[in-house]
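Heads up, the sequence shown is in UniProt numbering, so the first residue is 1 and it goes up one at a time.
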Amino acid sequence: MTTATSPDKADPRSWLPGFVLLGVIWGSSFLFIKVGVAELHPLYVTLGRVLAGVLTLLAVIAVTRDRLPRDPRLWLHLTVTGVVGTAMPFTLFGYGEERVSSSLAGIWNATTALLVLPLAVYLFRTERMTAHRAVGLLIGFVGVLVVLGVWDGLGGAHFTGQLMCMAAAACYAVAIPYTKRFVSDRRESGLALAAGQLVTATVAIAIVAPLTVGAPTPVSDLSLKAIASIVALGAVGTGLAFVLNMRNIKLVGATTASMVTYLIPVFAVVLGVLALDEHVTWHQPVGALIVLLGVAVAQGLLGTRKRSAPARSTPEAELATDPA
(Lines of atoms letter the chains of each structure in order from A and count residues from 1; the text may use other names and numbers.)
(Lines give C-alpha, C1' and ligand atoms only; values in the text may rest on other atoms or scores of the structure.)
Protein backbone atom coordinates (compact mmCIF):
# COMPACT_ATOMS: atom_id res chain seq x y z
CA MET A 1 0.00 0.00 0.00
CA THR A 2 1.04 3.60 -0.23
CA THR A 3 2.52 5.89 2.37
CA ALA A 4 2.92 9.61 2.56
CA THR A 5 6.67 9.40 2.84
CA SER A 6 9.22 9.16 0.07
CA PRO A 7 12.39 7.09 -0.06
CA ASP A 8 15.79 8.55 -0.65
CA LYS A 9 15.99 10.53 -3.86
CA ALA A 10 16.07 8.11 -6.78
CA ASP A 11 17.80 8.58 -10.10
CA PRO A 12 15.12 9.85 -12.54
CA ARG A 13 16.41 7.38 -15.11
CA SER A 14 15.28 4.55 -12.85
CA TRP A 15 11.65 5.65 -12.48
CA LEU A 16 10.78 8.36 -15.02
CA PRO A 17 10.32 6.02 -18.03
CA GLY A 18 7.93 3.82 -16.04
CA PHE A 19 6.16 6.92 -14.70
CA VAL A 20 5.52 8.26 -18.21
CA LEU A 21 4.53 4.82 -19.48
CA LEU A 22 1.98 4.60 -16.68
CA GLY A 23 0.49 7.93 -17.78
CA VAL A 24 0.25 6.62 -21.34
CA ILE A 25 -1.40 3.37 -20.23
CA TRP A 26 -3.99 5.00 -18.00
CA GLY A 27 -4.54 7.84 -20.46
CA SER A 28 -5.15 5.36 -23.28
CA SER A 29 -7.81 3.53 -21.24
CA PHE A 30 -10.39 6.07 -22.37
CA LEU A 31 -9.54 5.39 -26.00
CA PHE A 32 -9.96 1.65 -25.47
CA ILE A 33 -13.31 2.20 -23.73
CA LYS A 34 -14.51 4.22 -26.71
CA VAL A 35 -13.56 1.41 -29.10
CA GLY A 36 -15.12 -1.25 -26.85
CA VAL A 37 -18.53 0.40 -26.34
CA ALA A 38 -18.91 0.87 -30.09
CA GLU A 39 -19.51 -2.89 -30.36
CA LEU A 40 -20.32 -4.12 -26.87
CA HIS A 41 -22.63 -2.96 -24.09
CA PRO A 42 -20.77 -0.92 -21.42
CA LEU A 43 -21.58 -3.53 -18.76
CA TYR A 44 -19.86 -6.21 -20.81
CA VAL A 45 -16.92 -3.97 -21.58
CA THR A 46 -16.52 -3.65 -17.82
CA LEU A 47 -16.89 -7.40 -17.32
CA GLY A 48 -14.28 -8.13 -19.96
CA ARG A 49 -11.75 -5.70 -18.54
CA VAL A 50 -12.13 -6.70 -14.87
CA LEU A 51 -11.95 -10.37 -15.83
CA ALA A 52 -8.76 -9.80 -17.85
CA GLY A 53 -7.38 -7.68 -15.03
CA VAL A 54 -8.06 -10.18 -12.26
CA LEU A 55 -6.60 -13.05 -14.30
CA THR A 56 -3.46 -10.98 -14.83
CA LEU A 57 -3.10 -10.15 -11.13
CA LEU A 58 -3.83 -13.72 -10.08
CA ALA A 59 -1.03 -14.84 -12.39
CA VAL A 60 1.32 -12.34 -10.75
CA ILE A 61 0.21 -13.57 -7.31
CA ALA A 62 0.99 -17.14 -8.34
CA VAL A 63 4.45 -16.18 -9.63
CA THR A 64 5.30 -14.12 -6.54
CA ARG A 65 3.79 -16.73 -4.20
CA ASP A 66 1.52 -14.15 -2.64
CA ARG A 67 -2.04 -15.06 -1.66
CA LEU A 68 -5.50 -13.53 -1.62
CA PRO A 69 -6.91 -12.15 1.65
CA ARG A 70 -8.43 -14.65 4.09
CA ASP A 71 -10.36 -12.37 6.47
CA PRO A 72 -14.15 -12.41 5.72
CA ARG A 73 -14.56 -8.89 7.14
CA LEU A 74 -11.89 -7.61 4.77
CA TRP A 75 -13.72 -9.23 1.88
CA LEU A 76 -16.82 -7.21 2.82
CA HIS A 77 -14.78 -4.01 2.54
CA LEU A 78 -13.27 -5.20 -0.75
CA THR A 79 -16.79 -5.80 -2.02
CA VAL A 80 -17.61 -2.15 -1.37
CA THR A 81 -14.44 -0.94 -3.11
CA GLY A 82 -14.92 -3.48 -5.89
CA VAL A 83 -18.46 -2.30 -6.63
CA VAL A 84 -18.15 1.44 -5.90
CA GLY A 85 -14.50 1.91 -6.85
CA THR A 86 -14.28 -0.40 -9.85
CA ALA A 87 -17.47 -1.84 -11.34
CA MET A 88 -19.59 1.32 -11.14
CA PRO A 89 -17.05 3.89 -12.43
CA PHE A 90 -15.84 1.57 -15.20
CA THR A 91 -19.43 1.13 -16.36
CA LEU A 92 -20.34 4.80 -15.99
CA PHE A 93 -17.36 5.83 -18.10
CA GLY A 94 -18.53 3.31 -20.68
CA TYR A 95 -22.04 4.78 -20.74
CA GLY A 96 -20.56 8.26 -20.80
CA GLU A 97 -18.32 7.52 -23.77
CA GLU A 98 -21.34 6.43 -25.79
CA ARG A 99 -22.23 10.13 -25.69
CA VAL A 100 -18.96 12.06 -25.34
CA SER A 101 -15.42 11.75 -26.67
CA SER A 102 -12.72 9.71 -24.96
CA SER A 103 -10.74 12.94 -24.59
CA LEU A 104 -13.50 14.56 -22.56
CA ALA A 105 -13.91 11.44 -20.42
CA GLY A 106 -10.21 11.58 -19.62
CA ILE A 107 -10.57 15.21 -18.60
CA TRP A 108 -13.43 14.36 -16.24
CA ASN A 109 -11.29 11.70 -14.58
CA ALA A 110 -9.00 14.51 -13.39
CA THR A 111 -11.81 15.94 -11.22
CA THR A 112 -11.64 12.99 -8.82
CA ALA A 113 -9.08 14.69 -6.54
CA LEU A 114 -11.43 17.63 -6.07
CA LEU A 115 -14.44 15.42 -5.39
CA VAL A 116 -12.59 13.17 -2.96
CA LEU A 117 -11.43 15.95 -0.64
CA PRO A 118 -14.77 17.05 0.87
CA LEU A 119 -15.79 13.40 1.30
CA ALA A 120 -12.49 12.58 3.00
CA VAL A 121 -12.85 15.61 5.28
CA TYR A 122 -16.53 15.56 6.23
CA LEU A 123 -17.71 11.96 5.72
CA PHE A 124 -14.77 9.63 6.31
CA ARG A 125 -12.68 12.09 8.35
CA THR A 126 -9.39 10.84 6.94
CA GLU A 127 -8.24 14.38 6.02
CA ARG A 128 -8.76 17.87 7.43
CA MET A 129 -9.83 21.00 5.61
CA THR A 130 -7.27 23.79 5.31
CA ALA A 131 -7.30 27.20 3.68
CA HIS A 132 -5.30 26.14 0.63
CA ARG A 133 -7.49 23.07 0.15
CA ALA A 134 -10.61 25.23 0.26
CA VAL A 135 -9.09 27.61 -2.30
CA GLY A 136 -8.10 24.65 -4.47
CA LEU A 137 -11.66 23.30 -4.36
CA LEU A 138 -13.02 26.69 -5.43
CA ILE A 139 -10.57 26.92 -8.33
CA GLY A 140 -11.38 23.36 -9.36
CA PHE A 141 -15.11 24.05 -9.29
CA VAL A 142 -14.57 26.95 -11.69
CA GLY A 143 -12.63 24.55 -13.92
CA VAL A 144 -15.54 22.10 -13.88
CA LEU A 145 -17.91 24.84 -15.04
CA VAL A 146 -15.50 25.73 -17.85
CA VAL A 147 -15.26 22.09 -18.96
CA LEU A 148 -19.06 21.90 -19.02
CA GLY A 149 -19.26 25.10 -21.08
CA VAL A 150 -22.17 26.34 -18.98
CA TRP A 151 -22.50 29.52 -21.06
CA ASP A 152 -23.76 27.39 -23.98
CA GLY A 153 -26.59 25.96 -21.92
CA LEU A 154 -26.93 22.50 -20.37
CA GLY A 155 -28.88 19.59 -21.72
CA GLY A 156 -28.93 16.89 -24.38
CA ALA A 157 -27.05 13.62 -24.76
CA HIS A 158 -23.66 15.31 -24.60
CA PHE A 159 -24.44 16.85 -21.22
CA THR A 160 -25.83 13.52 -19.99
CA GLY A 161 -22.60 11.83 -21.01
CA GLN A 162 -20.59 14.40 -19.08
CA LEU A 163 -22.74 13.82 -16.00
CA MET A 164 -22.07 10.08 -16.27
CA CYS A 165 -18.32 10.72 -16.43
CA MET A 166 -18.62 13.04 -13.44
CA ALA A 167 -20.56 10.33 -11.58
CA ALA A 168 -17.75 7.88 -12.37
CA ALA A 169 -15.23 10.30 -10.86
CA ALA A 170 -17.54 10.67 -7.85
CA CYS A 171 -17.48 6.88 -7.37
CA TYR A 172 -13.69 7.03 -7.20
CA ALA A 173 -14.02 9.92 -4.75
CA VAL A 174 -16.08 7.72 -2.42
CA ALA A 175 -13.86 4.65 -2.83
CA ILE A 176 -10.54 6.39 -2.12
CA PRO A 177 -11.24 7.60 1.45
CA TYR A 178 -13.20 4.40 2.15
CA THR A 179 -10.14 2.40 1.13
CA LYS A 180 -7.88 4.60 3.23
CA ARG A 181 -10.04 4.12 6.31
CA PHE A 182 -10.93 0.44 6.06
CA VAL A 183 -8.41 -1.28 3.77
CA SER A 184 -5.07 0.55 3.43
CA ASP A 185 -3.69 -0.37 6.85
CA ARG A 186 -4.18 -4.09 6.40
CA ARG A 187 -1.16 -6.38 6.58
CA GLU A 188 -1.98 -8.00 3.22
CA SER A 189 0.06 -6.85 0.24
CA GLY A 190 -1.20 -4.21 -2.15
CA LEU A 191 -1.17 -6.83 -4.89
CA ALA A 192 -3.47 -9.14 -2.91
CA LEU A 193 -5.84 -6.31 -1.99
CA ALA A 194 -6.07 -5.08 -5.58
CA ALA A 195 -6.71 -8.61 -6.83
CA GLY A 196 -9.38 -9.07 -4.17
CA GLN A 197 -11.09 -5.86 -5.24
CA LEU A 198 -11.12 -7.03 -8.86
CA VAL A 199 -12.49 -10.43 -7.83
CA THR A 200 -15.49 -8.78 -6.15
CA ALA A 201 -15.99 -6.41 -9.08
CA THR A 202 -15.93 -9.33 -11.53
CA VAL A 203 -18.50 -11.31 -9.54
CA ALA A 204 -20.79 -8.29 -9.21
CA ILE A 205 -20.73 -7.44 -12.93
CA ALA A 206 -21.07 -11.11 -13.91
CA ILE A 207 -24.34 -11.21 -11.95
CA VAL A 208 -25.73 -7.80 -12.92
CA ALA A 209 -24.92 -7.72 -16.63
CA PRO A 210 -26.98 -10.72 -17.84
CA LEU A 211 -29.87 -9.82 -15.54
CA THR A 212 -30.14 -6.26 -16.82
CA VAL A 213 -29.10 -6.35 -20.49
CA GLY A 214 -29.30 -10.03 -21.40
CA ALA A 215 -26.63 -12.10 -23.10
CA PRO A 216 -23.51 -10.38 -24.47
CA THR A 217 -22.69 -9.99 -28.12
CA PRO A 218 -21.01 -13.22 -29.30
CA VAL A 219 -17.24 -12.93 -29.44
CA SER A 220 -17.36 -14.09 -33.05
CA ASP A 221 -19.34 -10.95 -33.92
CA LEU A 222 -16.78 -8.61 -32.39
CA SER A 223 -13.95 -7.09 -34.37
CA LEU A 224 -10.36 -7.86 -33.46
CA LYS A 225 -9.97 -4.18 -32.57
CA ALA A 226 -12.74 -4.34 -29.97
CA ILE A 227 -11.45 -7.59 -28.46
CA ALA A 228 -7.89 -6.24 -28.26
CA SER A 229 -9.14 -3.02 -26.64
CA ILE A 230 -10.98 -4.89 -23.88
CA VAL A 231 -8.03 -7.20 -23.22
CA ALA A 232 -5.70 -4.20 -23.13
CA LEU A 233 -7.99 -2.42 -20.65
CA GLY A 234 -7.72 -5.34 -18.23
CA ALA A 235 -4.35 -6.98 -18.77
CA VAL A 236 -2.35 -3.81 -19.46
CA GLY A 237 -4.42 -1.03 -17.89
CA THR A 238 -4.92 -2.97 -14.66
CA GLY A 239 -2.31 -5.74 -14.52
CA LEU A 240 0.83 -4.15 -15.96
CA ALA A 241 -0.14 -0.69 -14.73
CA PHE A 242 -0.52 -1.96 -11.17
CA VAL A 243 2.98 -3.42 -11.21
CA LEU A 244 4.41 -0.20 -12.67
CA ASN A 245 2.63 1.95 -10.10
CA MET A 246 3.83 -0.17 -7.20
CA ARG A 247 7.37 0.05 -8.57
CA ASN A 248 7.11 3.85 -8.81
CA ILE A 249 5.84 4.06 -5.22
CA LYS A 250 8.79 2.01 -3.99
CA LEU A 251 11.30 4.11 -5.94
CA VAL A 252 10.04 7.65 -5.30
CA GLY A 253 7.22 7.37 -2.75
CA ALA A 254 3.47 7.78 -3.03
CA THR A 255 3.52 11.58 -3.28
CA THR A 256 5.62 11.67 -6.45
CA ALA A 257 4.05 8.52 -7.88
CA SER A 258 0.57 10.03 -7.57
CA MET A 259 1.63 12.93 -9.83
CA VAL A 260 0.82 10.62 -12.75
CA THR A 261 -2.66 12.11 -12.25
CA TYR A 262 -1.50 15.16 -14.18
CA LEU A 263 -0.40 13.08 -17.18
CA ILE A 264 -3.59 11.03 -17.59
CA PRO A 265 -5.85 13.75 -19.11
CA VAL A 266 -2.99 14.96 -21.31
CA PHE A 267 -2.47 11.55 -22.88
CA ALA A 268 -6.23 10.91 -23.02
CA VAL A 269 -6.72 14.05 -25.11
CA VAL A 270 -3.68 13.50 -27.34
CA LEU A 271 -4.53 9.87 -28.06
CA GLY A 272 -8.20 10.66 -28.65
CA VAL A 273 -7.31 13.33 -31.19
CA LEU A 274 -4.63 11.30 -32.97
CA ALA A 275 -6.18 7.82 -32.90
CA LEU A 276 -9.90 8.60 -33.08
CA ASP A 277 -9.81 11.97 -34.84
CA GLU A 278 -11.75 13.53 -31.99
CA HIS A 279 -12.30 17.27 -31.85
CA VAL A 280 -11.73 19.16 -28.62
CA THR A 281 -13.36 22.54 -28.08
CA TRP A 282 -11.18 25.24 -26.58
CA HIS A 283 -12.89 25.35 -23.19
CA GLN A 284 -12.40 21.64 -22.43
CA PRO A 285 -8.57 21.63 -22.15
CA VAL A 286 -8.66 25.10 -20.60
CA GLY A 287 -11.12 23.84 -17.99
CA ALA A 288 -8.91 20.79 -17.41
CA LEU A 289 -5.91 23.03 -16.75
CA ILE A 290 -7.96 25.05 -14.24
CA VAL A 291 -9.07 21.81 -12.56
CA LEU A 292 -5.47 20.59 -12.34
CA LEU A 293 -4.43 23.98 -10.97
CA GLY A 294 -7.10 23.56 -8.28
CA VAL A 295 -5.79 20.06 -7.54
CA ALA A 296 -2.24 21.40 -7.21
CA VAL A 297 -3.34 24.14 -4.83
CA ALA A 298 -5.48 21.73 -2.79
CA GLN A 299 -2.54 19.32 -2.53
CA GLY A 300 -0.26 22.08 -1.27
CA LEU A 301 1.97 22.08 -4.34
CA LEU A 302 1.41 25.79 -4.95
CA GLY A 303 1.07 28.75 -2.66
CA THR A 304 2.59 27.08 0.39
CA ARG A 305 5.97 25.87 1.52
CA LYS A 306 4.60 23.08 3.60
CA ARG A 307 3.61 20.21 1.36
CA SER A 308 1.05 17.74 2.50
CA ALA A 309 0.34 14.30 1.11
CA PRO A 310 -1.82 14.78 -1.98
CA ALA A 311 -5.43 13.85 -2.21
CA ARG A 312 -5.17 11.19 -4.87
CA SER A 313 -7.24 11.55 -7.97
CA THR A 314 -7.49 7.94 -8.88
CA PRO A 315 -7.91 4.74 -6.90
CA GLU A 316 -4.55 3.51 -8.08
CA ALA A 317 -2.88 5.72 -5.52
CA GLU A 318 -4.65 3.79 -2.77
CA LEU A 319 -5.26 0.36 -4.26
CA ALA A 320 -3.49 0.66 -7.58
CA THR A 321 -6.34 -0.19 -9.92
CA ASP A 322 -7.33 1.32 -13.24
CA PRO A 323 -8.47 4.95 -13.10
CA ALA A 324 -10.69 4.90 -16.10
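For each residue, glycine too, the CB sits at the ideal point set by N, CA and C.
Asked	Found
Over what stretch of residues does the alpha helix (DSSP H) that includes MET88 continue unbroken?	88-96
Evaluate TRP282 with the Cβ neighbour count: other Cβ atoms within 10 Å of its Cβ, from every protein chain shown; 16 or more gives buried, anything less gives exposed.	exposed
Whole angstroms is fine: what's the gap from LEU121's alpha carbon to VAL84's?	As written in the sequence, residue 121 is Val, which differs from the Leu given in the question. Computed Cα separation, rounded: 19 Å.
Report buried or exposed for ALA215, applying the criterion of at least 16 other Cβ atoms within 10 angstroms of its Cβ.	exposed
Run through DSSP, which three-state label would LEU78 get?	helix
In whole angstroms, what separates the C-alpha of GLN284 from that of MET259?	21 Å
By a C-beta neighbour count over all protein chains shown, 10 Å radius and 16 as the cutoff for buried, is PRO17 buried or exposed?	exposed
In chain order, what residues of the same chain have a beta carbon less than 8 Å from the beta carbon of SER14, not counting five sequence neighbours either side?	LEU251
Can you confirm whether the stretch 39-46 touches the stretch 263-281 when touching is taken to mean that 3 or more C-beta pairs between the two stretches lie within less than 8 Å?	no
Taking Cβ positions, are ASP66 and SER184 nearer each other than 8 Å?	no
Using only CA atoms, which one of MET88, GLY82, LEU68 and PRO177 lies nearest to PRO118?	PRO177
Tell me whether MET129 sits in a helix, a strand or coil according to DSSP, three-state version.	coil
Whole angstroms are fine: how far does the CA of ARG70 sit from the CA of VAL208?	25 Å
Report buried or exposed for SER220, applying the criterion of at least 16 other Cβ atoms within 10 angstroms of its Cβ.	exposed
Relative to the C-alpha of SER28, which candidate in ALA232, VAL286 and LEU301 has its C-alpha closest?	ALA232
What residue range does the alpha helix (DSSP H) around HIS158 cover?	156-182
For my contact list, PHE267 and VAL24 are in at a C-beta cut-off of 8 Å; report their separation, rounded to the angstrom.	5 Å
From which residue to which residue does the alpha helix (DSSP H) around THR261 run?	Unbroken run through THR261: none, as it is neither H nor E.
Pick from GLY196, LEU211 and ILE264: whose alpha carbon is nearest that of THR56?	GLY196
I need the straight-line Cα distance from LEU51 to ALA131, nearest angstrom please.	43 Å
Which class does TRP282 belong to by DSSP, given the choice of helix, strand or coil?	coil
As a quick exercise: from CYS165, VAL116, ALA194 and THR160, pick the residue whose alpha carbon is nearest that of PRO89.	CYS165
Under a three-way DSSP split, which group does SER308 fall into?	Any reading at SER308 needs caution, since the residue's pLDDT is 45, under 50, leaving its predicted position unreliable; the model's value is listed next. In the structure shown, SER308 sits in coil (DSSP, three-state: anything other than H, G, I, E or B).
Who are the near neighbours of THR81 in its chain, counting only those whose CB is closer than 6 Å to its CB and skipping five residues on each side?	ALA175, THR179 and GLN197
Identify whether LEU115 lies in helix, strand or coil by the three-state DSSP scheme.	helix
Below 8 Å, can you find three or more Cβ-Cβ pairs linking the stretch 156-165 to the stretch 284-300?	no
Over the uninterrupted alpha helix (DSSP H) stretch that includes ALA38, give me the two end residues.	ALA38 -> no alpha helix (DSSP H), and no H or E assigned at all.
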